[in-house]
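Chemist: Residues in the sequence shown are numbered consecutively from 18, following our numbering. We put the beta carbon where it would ideally sit given N, CA and C, even for glycine. Below you will find the structure I want to go over with you.
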Amino acid sequence: MDDNSILLGDPVVYRDDIQDSDEIGVVTNACVNNFKVLWNDEPKSKTEIYEHLRPARQDEVDAQCRQVDKNAIT
Numbered sequence: 018m019d020d021n022s023i024l025l026g027d028p029v030v031y032r033d034d035i036q037d038s039d040e041i042g043v044v045t046n047a048c049v050n051n052f053k054v055l056w057n058d059e060p061k062s063k064t065e066i067y068e069h070l071r072p073a074r075q076d077e078v079d080a081q082c083r084q085v086d087k088n089a090i091t
């Protein structure tokens, strides 16, 4: 299993190159090419495309928001 695997119950954030979405979410349902994610302060899970997400790092989980690494964005 590689580092970027996302499983049910995992905390996720949008990839760093997607702007204006700094919330952290939790995967509540997994399908072949999408996930249902419960985002901060949302009452219902939303369908998200797998390629738009990445696993949240521990510092992001602690801060409850995405921490964008500007050096990693090309």
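Please report the distance separating the alpha-carbon of Asp76 from that of Glu59.
Modeler: Residue 76 sits at position 59 when you count from the first residue of the sequence shown. Residue 59 sits at position 42 when you count from the first residue of the sequence shown. Cα to Cα, Asp76 sits roughly 22 Å from Glu59.
Chemist: What did DSSP end up calling Val49 once you bin it into helix, strand or coil?
Modeler: Here residue 49 refers to the residue found at position 32 of the sequence shown. Correct three-state label for Val49: coil.
Chemist: Looking at chain D, is there any beta carbon in it that lies within less than 8 Å of the beta carbon of Arg74?
Modeler: Annotation note: the requested chain D is absent from the structure, which comprises a single protein chain.
Chemist: Buried or exposed, going by whether 16 or more other CB atoms sit within 10 Å of the CB of Ile107?
Modeler: The question about residue 107 has no answer, for the chain in this structure spans 18 to 91.
Chemist: Check whether the Cβ atoms of Asn46 and Ser62 lie closer than 8 Å to each other.
Modeler: Start at 1 with the first residue of the sequence shown, and residue 46 comes out as number 29. Start at 1 with the first residue of the sequence shown, and residue 62 comes out as number 45. Yes, the pair counts as a contact, with Cβ atoms nearer than the cut-off.
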